[in-house]
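Enquirer:
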Amino acid sequence: MFEARVAQAEILKKILDSVRELVEQGNLDCSGTGISLQAMDSSHVSLVALLLKSEGFERYRCDRSINLGINMQSLGKIVKTAGNHDAITLSSEDKGDVLGLMFESTEQDKVSNYEIKLMDVDAEQLAIPVAEYSVCVRMPSAEFARITRDLSTIGDSVLISCTKDGVQFSTTGDTGSGSIVLRQSSSVDDEKKAVVIEVQEPISLSFATKFLVQFSKSAALNESVTLNLGDGVPLMVEYPMKEMGYVRFYLAPKLSN
Amino acid sequence: IPVQKNITSYFGNR
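Each protein sequence line maps, in turn, to chains A and B. Take 1 as the starting number for the first sequence in this note's numbering and just add one per residue. Take 258 as the starting number for the second sequence in this note's numbering and just add one per residue.
#1: From A/E107, A/I116 and A/V111, pick the residue whose C-alpha is nearest to that of A/V98; which is it?
#2: What does A/K193 pair with, by DSSP beta-bridge criteria?
#3: Let me know the secondary structure DSSP gives A/V213 once reduced to three states.
#4: Just verifying my parser: in three-state terms, what is the DSSP assignment at A/I70?
#5: For the structure I just gave you, are there three or more beta carbon pairs, one from the segment 242-255 of chain A and one from the segment 179-197 of chain A, closer than 8 Å?
#6: DSSP state of B/F268, grouped into three classes?
#7: What does A/I128 reach in chain B if we use C-beta pairs closer than 8 Å?
#8: Can you round the beta-carbon distance between A/T89 and A/M102 to whole angstroms, since I take them to be within the 8 Å contact cut?
#9: By the DSSP assignment, the alpha helix (DSSP H) with A/D41 in it spans what residues?
#10: From A/G32 to A/P140, what distance separates their C-alpha atoms?
#11: To be precise: take each residue of the segment 205-229 of chain A, compare its Cβ to all Cβ atoms of chain B, and keep it if any distance is under 8 Å. Which residues remain?
#12: Can you pull the DSSP bridge partners for A/R248?
#13: Just how far apart, CA to CA, sit A/A4 and A/Q214?
#14: Starting from A/A87, follow the alpha helix (DSSP H) in both directions and report where the run begins and ends.
#15: Report yes or no: do three or more beta-carbon pairs, one from the segment 118-128 of chain A and one from the segment 196-211 of chain A, lie closer than 8 Å?
#16: If I'm right that A/A220 touches A/D41 with Cβ under 8 Å, what's the distance once you round it to whole angstroms?
#17: Along the segment 32-58 of chain A, what residues have a CB closer than 7 Å to any CB found in chain B?
#18: Spatial neighbours of A/V135 within its chain, please: CB distance less than 6 Å, with the 5 preceding and 5 following residues excluded, ordered by chain position.
#19: Can you tell me whether A/G26 is buried or exposed? The criterion is at least 16 other CB atoms within 10 Å of its CB, across all chains shown.
#20: So is A/K270 in contact with chain B if we call contact Cβ pairs under 9 Å?
#21: What would DSSP say about A/A82, mapped onto helix, strand or coil?
#22: Which residue or residues does DSSP assign as beta-bridge partners of A/E230?
#23: Taking Cβ to Cβ, would you say A/A208 is nearer than 9 Å to A/I128?
#24: Scan the segment 111-197 of chain A and note each continuous beta strand (DSSP E) run of 3 residues or more that stays entirely inside, going in chain order.
#25: Would you say A/Q25 lies against chain B (beta-carbon separation less than 9 Å)?
#26: Assuming A/G83 contacts A/A9 under a Cβ cut-off of 8 Å, what Cβ separation, rounded to an integer in Å, is found between them?
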């Protein structure tokens, strides 16, 4: 028996919004420690890794580890029908073929029950090693969304160059070019609005703009985002979710051949 | 022309 209850549907809505355009289907791996999901986009250059820790749920029970193969669009559509403040309980029998969803309104005067058919999702599980990153940039997630959106009007690659002085996002396209530099915040009145740049070694790497734009749509998950860059490893973009866990996106760099 | 490797080439199978 698997059962997980979140107090507010809002967080699940935000999580599903952040991954469902990138990932069509995936396996929710449910175990005693929580729910995780690893899924690639259809072109296999990016990967989403989601972790929802059991402590982040109001109630959590998973007697034995199970894989729930889910169509993300279907799940997203159903969860969207819940009120933001509704409690949501996800459930599945050990050998069940459906994922049950129960929404309860705050006044407990409305209860909705849905079932989604489970599917066989053939997804390879990858071991993601802990990478040594050369650069870690923490910045407001809204700013990251704005920068990627603004540069996406010009070019299909964004070069991210980082030194101790700042981080530069630049692009070139048929119609011209553009670049935006962010400097490290000198005074930090508000942690969430700060730009913090940690540099072990300066680095410049190029990435597909359309994926950065996709990732940056997760801004609702956290006011801050971290970009982790290293030589020879994929970019890791992380949106932490307080006690709940995180959504991480990995993207292969564009390498000149 | 820049190339993007498959993301699986960076991560091992579990």
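By construction, the Cβ of each residue, glycine as well, lies at the ideal position given by its N, Cα and C atoms. Everything numeric in this text was worked out from a predicted model, so none of it was measured.
Expert: Result, derived from the coordinates:
#1: Residue numbering aside, residue 98 of chain A sits at position 98 when the first sequence is read from its first letter. Proximity to A/V98 across A/E107, A/I116 and A/V111 peaks at A/I116, based on C-alpha coordinates.
#2: Against the first sequence, residue 193 of chain A aligns to sequence position 193. In DSSP, A/K193 forms no bridge with anything.
#3: Taking the first sequence and counting its residues from 1, one reaches residue 213 of chain A at position 213. Looking at A/V213 - three-state DSSP - the assignment turns out to be helix.
#4: As a first step, residue 70 of chain A must be located in the first sequence, where it is residue number 70. Three-state DSSP puts A/I70 in a strand.
#5: no
#6: Indexing the second sequence from 1 puts residue 268 of chain B at position 11. Judged by DSSP in its simplified three-state form, B/F268 adopts coil rather than helix or strand.
#7: Walking along the first sequence from the start, residue 128 of chain A turns up at place 128. The contacting residues are F268.
#8: In the first sequence, residue 89 of chain A corresponds to position 89, counting from 1. In the first sequence, residue 102 of chain A corresponds to position 102, counting from 1. Their Cβ separation, rounded to whole angstroms, is 4 Å, which keeps A/T89 and A/M102 in contact under 8 Å.
#9: In the first sequence, counting from the first residue as 1, residue 41 of chain A sits at position 41. Where A/D41 is concerned, there is no enclosing alpha helix (DSSP H), given that its DSSP letter is neither H nor E.
#10: Residue 32 of chain A sits at position 32 when you count from the first residue of the first sequence. Residue 140 of chain A sits at position 140 when you count from the first residue of the first sequence. Computed Cα separation, rounded: 33 Å.
#11: S206 and A208
#12: On the first sequence, position 248 is the one that residue 248 of chain A refers to. A/R248 pairs with A/A49 and A/E238.
#13: For the purposes of this step, residue 4 of chain A is taken as the residue at position 4 of the first sequence. For the purposes of this step, residue 214 of chain A is taken as the residue at position 214 of the first sequence. Those two C-alpha atoms are separated by around 28 Å.
#14: Residue numbering aside, residue 87 of chain A sits at position 87 when the first sequence is read from its first letter. Looking at the DSSP string, A/A87 is not in any alpha helix (DSSP H); the run it does join, the beta strand (DSSP E), is A87 to S92.
#15: no
#16: Here residue 220 of chain A corresponds to residue number 220 of the first sequence, with the count starting at 1. Here residue 41 of chain A corresponds to residue number 41 of the first sequence, with the count starting at 1. Incorrect: roughly 20 Å between the Cβ atoms, too far for contact.
#17: Those would be M40, H44, V45, S46 and L47, in chain order.
#18: As a working mapping, residue 135 of chain A is identified with position 135 in the first sequence. Closer than 6 Å at Cβ, skipping near neighbours: C162, V199, I203 and L229.
#19: As a position in the first sequence, residue 26 of chain A is number 26, starting the count at 1. So A/G26 counts as buried.
#20: The question about residue 270 of chain A has no answer here: the residues shown for chain A are numbered 1 through 257.
#21: Reading the first sequence from its first residue, position 82 is the one you call residue 82 of chain A. A/A82 sits in coil when the DSSP states are folded into three classes, being neither helix nor strand.
#22: Residue 230 of chain A sits at position 230 when you count from the first residue of the first sequence. Note on identity: in this sequence residue 230 of chain A is Gly, with Glu being the wrong assignment. Residue pairing by DSSP places A/G230 in no beta bridge whatsoever.
#23: Along the first sequence, one-based indexing puts residue 208 of chain A at 208. Along the first sequence, one-based indexing puts residue 128 of chain A at 128. Against a cut-off of 9 Å, the Cβ pair of A/I128 and A/A208 comes out as no contact.
#24: 111-117, 135-140, 157-163, 166-173 and 176-183
#25: Mapped onto the first sequence, residue 25 of chain A falls at position 25. Closer than 9 Å: no.
#26: Working through the first sequence from its first residue, we reach residue 83 of chain A at position 83. Working through the first sequence from its first residue, we reach residue 9 of chain A at position 9. Going by Cβ atoms, the distance from A/G83 to A/A9 rounds to 6 Å, so yes, they are a contact pair.
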